[in-house]
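Engineer: Here you go, one structure.
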Amino acid sequence: MNIDVAAIHKSIDSNTKAVLITHTWGNPCDMDKLNQIKQQYDIKIISDASHAHGAEWRGKKIGNIDCEDIACFSLGKGKLISGGELGIAVTNNKILYDKLLMLGHPNRIPNALIGNEFINYSNGFGIKLRPHTLSMVIARNQLKKYNRKARLNRETNMFLENEIDKIDGFKTIKKYEKASRVYWKLLIRIKKEYWKDWSVEEIVKRLKINGVDTEQFHNYDFKYENDISYNVRYLGQLDNCSNMMPPNDLIFLPTYIDVNKKEMEKIINAFKNVSYERKFSI
342 MNIDVAAIHK
352 SIDSNTKAVL
362 ITHTWGNPCD
372 MDKLNQIKQQ
382 YDIKIISDAS
392 HAHGAEWRGK
402 KIGNIDCEDI
412 ACFSLGKGKL
422 ISGGELGIAV
432 TNNKILYDKL
442 LMLGHPNRIP
452 NALIGNEFIN
462 YSNGFGIKLR
472 PHTLSMVIAR
482 NQLKKYNRKA
492 RLNRETNMFL
502 ENEIDKIDGF
512 KTIKKYEKAS
522 RVYWKLLIRI
532 KKEYWKDWSV
542 EEIVKRLKIN
552 GVDTEQFHNY
562 DFKYENDISY
572 NVRYLGQLDN
582 CSNMMPPNDL
592 IFLPTYIDVN
602 KKEMEKIINA
612 FKNVSYERKF
622 SI
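One point on numbering: in my numbering, the residue at position 255 of the sequence shown is 596, and numbering is uninterrupted.
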């Protein structure tokens with residue numbers, strides 16, 4: 342589900358300045374290979390870590406990996422750390438830090454700058470992106486207990502993932518051996534050859550009847566959904582756009598944090614029941 346490193350090599354040209362990666366659903370990308378790309382091509386690596394609060398690679402937290410120039414975390418409603426509606430960008434690069442200030446912190450320039458590159462500017466040249474102070478306090482306070490929350494998140498979802506993976510008709514998403522992931526959502530892949538004429542909607546419906554709050558993963562065609570500019574420009578035909586979207590054979594469960602054994606058995610039995618229903622249906 343994460344970025345194909347081999348495809349990055351094929352896509353890089355003289356105009357490439359950075360590679361934007363996403364640690365999808367809290368599952369880290371291969372940071373070793375991305376570091377090799379960074380060194381080979383001398384480009385920036387920017388992490389979309391909006392799902393990956395507390396995820397690790399080789400024991401280091403995502404957002405603090407050597408090859409990451411900038412990492413961005415969503416702290417919006419429903420995220421593993423939430424303050425309502427806000428986000429945060431982190432970097433160890435002083436120049437990039439100042440550029441982030443210039444782009445998102447009007448009225449903090451030049452006093453908040455670390456370096457001297459923008460010292461003569463009387464203000465920033467971006468829009469105000471500072472979240473409300475209350476949102477920041479709420480999010481920051483959750484950090485005090487987050488190590489425990491992340492541990493329970495891993496333990497609960499890894500157990501469910503391993504058990505569901507044993508059930509006919511379902512397959513879970515794998516992680517890299519060097520990664521320690523977190524679970525913003527628990528994704529399950531439907532083996533279509535097992536279910537035959539049963540649709541994903543039918544499987545979700547039957548899981549809900551069995552007491553599991555699950556949903557079908559919905560695709561959003563980025564080619565049409567969100568215009569980034571009203572000044573329409575034609576640059577070429579995107580023939581393979583639909584092939585880049587995730588397949589429609591995915592369902593996801595909510596973020597389980599601290600679920601007792603009885604509840605976990607209920608979830609697992611629901612998947613077993615639906616699998617049996619298909620196996621023995623006429």
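Where is the CB? At the ideal position from N, CA and C, for every residue including glycine.
Quantities reported herein were computed from a predicted structural model and do not represent experimental measurements.
Which residue marks the beginning of the beta strand (DSSP E) containing Val431, and which one marks its end?
Structural biologist: Start and end: 428-431.
Engineer: Would you mind sorting Leu475 into buried or exposed? The rule is 16 or more other CB atoms within 10 Å of its CB.
Structural biologist: Exposed: under 16 other Cβ atoms inside 10 Å.
Engineer: In chain order, which beta strand (DSSP E) runs of at least 3 residues are fully inside the segment 412-473?
Structural biologist: 428-431, all fully within the segment 412-473.
Engineer: May I ask which residues mark the beginning and end of the alpha helix (DSSP H) holding Asp624?
Structural biologist: Limits of the chain in this structure are 342 at one end and 623 at the other, which puts residue 624 out of reach.
Engineer: If you reduce the DSSP assignment to three classes, tell me which class Glu409 lands in.
Structural biologist: Reduced to three states, the DSSP call for Glu409 is coil.
Engineer: Based on the DSSP output, what are the partners of Trp525 in its beta bridges?
Structural biologist: In the DSSP output, where bridge partners are listed per residue, Trp525 has none listed.
Engineer: Just how far apart, CA to CA, sit Glu409 and Thr555?
Structural biologist: Glu409 and Thr555: Cα-Cα distance of roughly 34 Å.
Engineer: Name, in chain order, the residues that DSSP records as bridge partners for Asp389.
Structural biologist: Thr363, Cys413.
Engineer: Pairs of beta-carbons, one from the segment 399-409 and one from the segment 455-468, closer than 8 Å: are there three or more?
Structural biologist: Not touching, per the Cβ criterion.
Engineer: Short of 7 Å in beta carbon distance, which residues of its chain neighbour Ser523, apart from the five on each side in sequence? Order them along the chain.
Structural biologist: Sequence check: residue 523 is Val here, not Ser. The answer, listed in chain order, is Gly367, Ala393, His394, Gly395, Ala396, Leu421, Ala491, Asn494, Arg495.
Engineer: Where Lys602 and Ile429 are concerned, what is the direct C-alpha to C-alpha distance, given to the nearest angstrom?
Structural biologist: When rounded, the distance between both Cα atoms is 35 Å.
Engineer: Starting from the Cα of Lys358, find the closest Cα among Glu618, Asn498, Ile378 and give me that residue.
Structural biologist: Measuring from the Cα of Lys358, the nearest candidate turns out to be Ile378.
Engineer: Report the residue from Ile386, Tyr438, His473 whose alpha carbon sits nearest the alpha carbon of Glu426.
Structural biologist: The candidate whose alpha carbon is nearest that of Glu426 is His473.
Engineer: Distance, Cα to Cα, Met499 vs Ile505?
Structural biologist: Looking at the two C-alpha atoms, the distance is approximately 10 Å.
Engineer: Can Ile403 and Pro447 be called in contact, C-beta distance under 8 Å?
Structural biologist: Not in contact: Ile403 and Pro447 (Cβ atoms no closer than 8 Å).
Engineer: Could you check what DSSP says for Thr513 in three-state terms: helix, strand or coil?
Structural biologist: Looking at Thr513 - three-state DSSP - the assignment turns out to be strand.
Engineer: Return the residue from the list Gly552, Ser423, Lys526 that minimises the CA-CA distance to Glu606.
Structural biologist: Selected option, being the one with the closest Cα: Gly552.
Engineer: In terms of alpha-carbon separation, which member of Asn433, Arg399, Gly400 lies closest to Cys413?
Structural biologist: Ranking the options by Cα distance to Cys413, first place goes to Asn433.
Engineer: For Gln483, which of Leu527, Lys469, Leu416, Phe612 has the nearest alpha-carbon?
Structural biologist: For Gln483, the nearest C-alpha among the options comes from Leu416.
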